[in-house]
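Following: one structure in structure tokens, then a few remarks.
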Amino acid sequence: MTKTLAELAQCLGGRVVGDPEATVRGLGTLDDAGEGQITFLANPRYAGKVATCRATAVVLPPGAEGYGRNVIEVANPYLAFAKLLQIFHVEPRKALGVMAGAHIGADVRLGAEVTIHPGATVMDGAILGNRVTLYPGVVLYPGVVVGDDVTLHANVTVRERCRIGNRVIIHGGTVIGSDGFGYAPDGREWHKIPQIGIVVIEDDVEIGANAAIDRAALEVTRIGRGTKIDNLVQIAHNCVIGENCMIISQVGISGSTTLGDHVTLAGQVGVAGHLTIGDNAMVGAKSGIPGNLPAGSMVSGLPAFAHRDWLKAMAVVPRLPELRKTISTLEKRIAQLEEAVKREA
Amino acid sequence: MTKTLAELAQCLGGRVVGDPEATVRGLGTLDDAGEGQITFLANPRYAGKVATCRATAVVLPPGAEGYGRNVIEVANPYLAFAKLLQIFHVEPRKALGVMAGAHIGADVRLGAEVTIHPGATVMDGAILGNRVTLYPGVVLYPGVVVGDDVTLHANVTVRERCRIGNRVIIHGGTVIGSDGFGYAPDGREWHKIPQIGIVVIEDDVEIGANAAIDRAALEVTRIGRGTKIDNLVQIAHNCVIGENCMIISQVGISGSTTLGDHVTLAGQVGVAGHLTIGDNAMVGAKSGIPGNLPAGSMVSGLPAFAHRDWLKAMAVVPRLPELRKTISTLEKRIAQLEEAVKREA
Amino acid sequence: MTKTLAELAQCLGGRVVGDPEATVRGLGTLDDAGEGQITFLANPRYAGKVATCRATAVVLPPGAEGYGRNVIEVANPYLAFAKLLQIFHVEPRKALGVMAGAHIGADVRLGAEVTIHPGATVMDGAILGNRVTLYPGVVLYPGVVVGDDVTLHANVTVRERCRIGNRVIIHGGTVIGSDGFGYAPDGREWHKIPQIGIVVIEDDVEIGANAAIDRAALEVTRIGRGTKIDNLVQIAHNCVIGENCMIISQVGISGSTTLGDHVTLAGQVGVAGHLTIGDNAMVGAKSGIPGNLPAGSMVSGLPAFAHRDWLKAMAVVPRLPELRKTISTLEKRIAQLEEAVKREA
């Protein structure tokens with residue numbers, strides 16, 4: 340595939356500085372890109388490399404020095420890079436229909452241009468939108484509803500009646516709608532509380548590999564529009580996750596907790612149950628959240644407190660043995676002083 | 340389905356106060372339940388809502404004020420709620436037999452009324468009890484033994500010769516009997532130690548999604564009767580887990596560790612290997628357990644110590660920078676005092 | 340199977356002390372082994388048991404007391420145990436070919452003596468070496484390349500174009516080559532950056548159950564030769580893991596981090612992104628690594644510092660409330676001293 344800079348500028352919403360008829364047929368990094376390739380400057384730290392790179396064109400932010408090169412100027416070069424990858428390196432999807440070896444139950448409704456690979460199973464009454472791809476080993480339980488332009492990778496499981504929005508991607512092995520972990524104790528044994536709710540995954544959500552999102556006890560576990568969830572994340576029953584959150588790998592969120600929009604939970608964070616985490620809150624890696632967080636919080640630690648204070652406190656931790664010794668020494672010096680003062684009195 | 344209060348009271352082991360012939364056909368929360376529904380009071384904090392709720396009947400603990408409503412009095416209303424959900428909302432299981440697209444090996448013995456979905460595989464010599472359900476993608480390796488009334492959800496893997504008891508539920512993607520992580524070093528490389536033991540899952544165990552329970556090196560990794568294990572939990576080779584334990588999401592238990600009965604490990608806890616954790620021990624979320632715990636322990640922290648003491652210690656952590664400054668100031672004041680005392684002496 | 344001690348000594352690279360024609364047909368522990376079995380002494384602590392054990396022969400390190408028994412002397416008895424298990428307890432693999440119910444795409448190349456179980460799927464253009472075993476539910480996406488003597492357990496997913504070396508074992512449910520977690524923000528939403536790189540798994544790697552190893556954004560996520568990875572581990576895009584590392588269960592490694600050779604990460608460790616961890620570094624369980632580690636480091640904590648110092652610092656943590664009280668008392672005593680000294684002046 341070959342594109343002129345004029346064509347690319349239009350796709351990227353940018354403007355050409357230089358030759359709009361110059362053509363490129365791929366992209367590379369500032370270090371690697373050569374003749375016929377386009378590259379980009381995302382980090383101003385590397386601005387000097389624009390002078391020496393060998394690419395046919397460079398995507399730059401407004402005002403950056405182009406060193407006489409062909410430039411496409413865009414507001415957000417990193418975003419442009421994502422779009423260029425899509426243009427040059429992602430093969431357009433081909434619909435293959437229901438392939439031999441796929442298992443389709445009764446009363447299933449399939450949209451247009453679906454691909455259902457061998458070894459995928461769609462159980463009774465499931466409804467699939469247009470351009471849905473189910474890879475081998477995907478299992479949709481009865482009554483699952485899937486929107487348009489959805490990709491479910493190999494061995495994804497979606498349990499009964501759960502609903503997946505449009506443009507959702509779920510990676511291999513992830514389980515949507517497993518039973519919430521709910522038991523009534525009788526003082527001796529645990530009695531299972533049937534989990535009769537569902538999971539709703541809204542539009543434009545992406546979920547990594549081998550994650551687990553439990554169905555609600557009675558109502559809905561919800562993943563809000565545009566939220567991105569990494570591999571091996573656990574989201575317990577009745578959680579409500581807001582829009583455009585970033586939930587990094589191996590995070591665990593306990594039952595009935597609500598996240599606002601644009602919340603970031605770094606890797607291996609744990610959040611207790613029945614909490615409310617405000618919009619734009621950010622939680623540092625491996626932190627444990629025992630209570631509500633107001634919007635805009637930035638916390639770390641186990642249990643977590645303000646990130647800045649945590650950094651300062653953690654700087655003291657390695658010196659605790661020394662501090663303890665100092666205190667012990669001070670105690671002795673004070674005792675001697677007290678003795679001396681008493682003698683003089 | 341419609342039930343009289345008299346019928347329900349019998350199922351729940353309770354007694355009716357009010358009209359035993361009143362009928363209900365579903366259940367709801369204190370806030371939501373309406374005419375024809377039954378609700379329950381589990382938390383005394385909400386006792387006032389019993390007066391204003393619109394349900395046909397309320398399940399109450401002995402002695403709670405019924406405000407003139409139809410009441411079923413039971414010792415444990417939360418447990419009654421679990422049973423009511425089962426009665427009204429869980430469809431009775433239908434046996435579908437070995438469905439087209441299921442793969443059954445040689446010398447397999449199947450009990451009565453099984454359902455083996457398309458895409459499930461039962462390898463040679465496996466033995467299944469009565470009323471077993473295998474969802475699509477379940478793989479039973481050769482020689483696996485499964486009891487009665489077992490449900491294995493989609494894409495569960497059970498490795499060779501492992502044994503699953505009666506009334507066990509395992510959620511999607513979980514792997515039972517993967518090789519333990521055992522290698523002999525030669526100073527340069529790691530040599531695999533064949534893991535020839537098995538996993539035994541006793542009766543009434545439930546295991547969440549995408550968990551991993553490794554087979555023993557030589558003998559048995561055992562999950563005791565009635566224990567409940569959440570999603571993404573890791574249990575290493577040769578562990579012996581007691582009865583009726585609660586092991587919350589993302590916990591990891593290292594090899595050859597023994598848990599007593601009724602042990603609770605909260606989310607993301609890590610337990611070192613070759614330890615003994617006593618009955619009824621409780622470990623707070625994200626804690627790390629480096630040594631044995633006596634029965635009845637309640638610990639938190641990394642490494643863990645008494646939970647109460649941990650709470651107090653953690654309250655000091657954010658103030659460490661301040662304490663350090665205080666110590667430094669005290670040091671100067673003492674030096675000045677020493678100077679003053681010396682001058683006077 | 341029956342072997343003479345002379346035959347076994349040759350397999351193990353050791354020498355017989357005693358009767359080279361004595362035969363054994365299995366192995367057991369020092370406590371359990373009986374007539375016709377061989378046992379081994381790995382831990383010098385149990386040397387006394389050699390005198391009283393009932394085994395036909397004992398594998399001992401050079402110089403250990405044999406108490407008149409038949410002995411095979413080897414440099415590393417634990418390694419010998421691994422080999423003996425292989426000899427006596429691991430059934431030789433039988434090639435079963437492409438079994439009915441397996442799905443093989445177009446332009447697939449299969450080596451000699453493969454076993455592809457029912458329910459496994461090999462998509463278009465994949466290349467498999469000799470003696471490869473794919474269990475049910477394994478999915479190889481288009482263009483995957485697999486070496487010789489590889490075993491992929493049930494429900495393993497390998498995404499497009501990833502490459503698996505020779506003698507690799509991957510346990511159930513693991514996903515190789517899922518998309519890296521890469522998004523470009525526009526201030527409001529997250530735009531997916533297509534992940535067009537691959538994963539390369541080198542020779543002699545073993546990966547546990549339900550792990551996730553993401554493909555690189557542009558180039559290669561690499562797992563070095565001989566490295567062993569436990570269950571539920573997360574390795575993010577563009578990581579380069581060295582040779583013969585040990586990565587224990589539930590570890591998470593963030594994007595673009597490089598590990599040297601022989602690195603050990605204990606359970607539930609988290610490593611931040613874009614770091615370099617030197618050869619032979621060891622990280623204690625549950626630690627968080629925020630920065631580079633030089634070769635030979637031994638660290639623990641969150642954030643981690645020298646393991647020895649961490650042990651000492653953690654010993655102080657439970658005493659923090661007491662230290663705080665001491666400081667407060669010292670403050671008062673100093674104030675009184677200052678008062679006294681001032682009065683006298």
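Chains as they are written, first to last, in the numbering used here: chain V, 340 to 684; chain Y, 340 to 684; chain G, 340 to 684. Glycine included, each C-beta is placed from N, C-alpha and C at the ideal position. Owing to the predicted nature of the structure, the values given are computational and were not obtained by experimental measurement.
Straight-line Cα distance separating residue j from residue i
i, j, result
"Thr-454(V)", "Gly-468(V)", "11 Å"
"Pro-629(G)", "Gly-609(Y)", "20 Å"
"Ala-674(G)", "Arg-647(V)", "32 Å"
"Thr-496(G)", "Leu-449(G)", "18 Å"
"Ile-666(V)", "Leu-659(G)", "12 Å"
"Leu-598(G)", "Ala-434(G)", "37 Å"
"Cys-392(V)", "Pro-383(V)", "15 Å"
"Gln-349(G)", "Ile-377(G)", "15 Å"
"Val-437(G)", "Gly-440(Y)", "17 Å"
"Thr-490(Y)", "Val-544(Y)", "11 Å"
"Ser-595(G)", "Ala-575(G)", "7 Å"
Assigned exposure category for residue i - 16 Cβ within 10 Å defines buried
i, result
"Val-429(G)", "exposed"
"Thr-560(V)", "buried"
"Met-340(V)", "exposed"
"Gly-623(V)", "buried"
"Gly-512(V)", "buried"
"Tyr-417(G)", "buried"
"Lys-664(Y)", "exposed"
"Tyr-480(Y)", "buried"
"Tyr-385(G)", "exposed"
"Gly-635(V)", "exposed"
C-beta neighbour in chain G for residue i, strict 7 Å
i, result
"Tyr-474(Y)", "no"
"Gly-609(Y)", "yes"
"Arg-393(V)", "no"
"Asn-494(V)", "yes"
"Asn-583(V)", "yes"
"Arg-663(V)", "yes"
"Gly-617(V)", "no"
"Leu-676(Y)", "yes"
Cβ-Cβ separation, residue j to residue i (assumed contact under 8 Å), whole Å
i, j, result
"Asn-577(G)", "Ala-556(G)", "6 Å"
"Gln-589(V)", "Leu-571(V)", "5 Å"
"Asn-415(G)", "Gly-357(G)", "Rounded, the Cβ-Cβ distance is 20 Å, inconsistent with contact."
"Phe-420(G)", "Ala-372(G)", "Not a contact, Cβ separation roughly 11 Å."
"Arg-498(Y)", "Ser-517(Y)", "6 Å"
"Ile-509(Y)", "Ile-546(Y)", "5 Å"
"Arg-554(Y)", "Gln-534(Y)", "5 Å"
Closer than 7 Å to chain V by CB, residue i
i, result
"Ile-673(Y)", "yes"
"Asp-525(G)", "yes"
"Ala-403(Y)", "no"
"Lys-433(Y)", "no"
"Leu-659(Y)", "yes"
Any non-hydrogen atom of the ligand ZN within 6 Å of residue i CB
i, result
"Lys-664(Y)", "Looking at this structure, you won't find the ligand ZN or any other ligand, since it has none at all."
Cβ of residue i within 7 Å of any chain Y Cβ
i, result
"Ala-620(G)", "no"
"Ala-551(G)", "no"
"Leu-650(V)", "no"
"Leu-423(G)", "no"
"Ile-546(V)", "no"
"Gly-591(V)", "yes"
"Val-437(G)", "no"
"Ile-586(V)", "no"
7 Å Cβ cut-off: residues of chain A touching residue i
i, result
"Leu-571(Y)", "The structure shown contains no chain A; the protein chains it does contain are V, Y and G."
Cβ-based contacts, 7 Å cut-off: residues of the stretch 439-470 of chain Y near chain G = His-442, Gly-458, Thr-460
What residues in the stretch 627-657 of chain Y bring their beta carbon closer than 9 Å to a beta carbon of chain G?
-> Taken in chain order, the members of the stretch 627-657 of chain Y whose beta-carbon sits within less than 9 Å of a beta-carbon on chain G are Gly-627, Pro-629, Gly-640, Leu-641, Pro-642, Phe-644, Ala-645, Asp-648, Trp-649, Lys-651, Ala-652, Met-653, Ala-654, Val-655, Val-656.
Contact set between the stretch 527-544 of chain Y and chain G, restricted to residues whose Cβ is under 9 Å from the partner | Arg-527, Glu-528, Trp-529, His-530, Lys-531, Ile-532, Pro-533, Gln-534, Ile-535
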